[in-house]
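If you read the sequence shown in our numbering, its first letter stands for residue 3, the second for the next number, and so on.
Worksheet: one structure, shown below.
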Amino acid sequence: MELYDYFGGEGTIRKIVNAFYPKVLAHPLLAPIFPEEIEPLIEKQYQFLTQFFGGPSLYTEQHGNPMMRARHAPFPITVKHAEAWLDCMQRALEEVVSSKEMRTIILERLKGPAYFFVNKQGEE
Ligand code: HEM
Numbered sequence: 003m004e005l006y007d008y009f010g011g012e013g014t015i016r017k018i019v020n021a022f023y024p025k026v027l028a029h030p031l032l033a034p035i036f037p038e039e040i041e042p043l044i045e046k047q048y049q050f051l052t053q054f055f056g057g058p059s060l061y062t063e064q065h066g067n068p069m070m071r072a073r074h075a076p077f078p079i080t081v082k083h084a085e086a087w088l089d090c091m092q093r094a095l096e097e098v099v100s101s102k103e104m105r106t107i108i109l110e111r112l113k114g115p116a117y118f119f120v121n122k123q124g125e126e
């Protein structure tokens, strides 16, 4: 069984991304680098996290090889951005996933990629 199945699959990931992006757009550090029209990104993130957590390969079917670090390269991402992204995700998970243990597992799995996407030095 995959993590995807444990935490309730499709419905849970929908709820997570729907709770996550309003927090991103309200975050002073993150909002400026994200598009105002967020719906297409919500859909892509839904597809990506579905396959990232072991569900069907929705992202690859629609958009090809994820190459996520390369796809983030156009945006300046510091450690502060990675921490802010993870903080928004933690708050989204608190709203959606009732098990604290499950929330910790999900967040730990996302920390690797978040820090891997850092491509700029500095505090801002
Ligand atoms: C480290 C902090 C992060 C920042 C600042 C960030 C920022 C962004 C930005 C600005 C975009 C492009 C939005 C647009 O279309 O204009 C994007 C796309 C995306 N991000 Fe992130 N991101 C971060 C971490 C992550 C993580 C940890 C994941 C998943 C594990 C992720 C998954 C995605 C996906 C799936 C897309 C859509 C890629 C596509 O265009 O197909 N991001 N991100």
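We treat Cβ as the ideally placed atom computed from N, Cα and C, and that holds for glycine.
Predicted, not measured: the structure shown is a model, and the values here were computed from it.
Judged by beta-carbon spacing, Phe-77 lies beyond the 8 Å limit of Ile-108, meaning their Cβ atoms are not closer than that value. Looking only at Glu-110, Val-26, Arg-105, the smallest Cα-Cα distance to Glu-39 is reached by Val-26. Of the residues assessed, His-83 falls on the buried side of the cut-off, its CB having 16 or more other CB atoms within 10 angstroms. Each of Ala-75, Phe-9, Val-99, Asp-89 was checked against the Cα of Pro-30, and the nearest Cα belongs to Asp-89. Nearest to Ile-15 by C-alpha distance, out of Pro-24, Thr-52, Pro-37, is Thr-52.
Taking a C-beta distance under 8 Å as the contact criterion, Met-91 and Phe-22 qualify as a contact pair.
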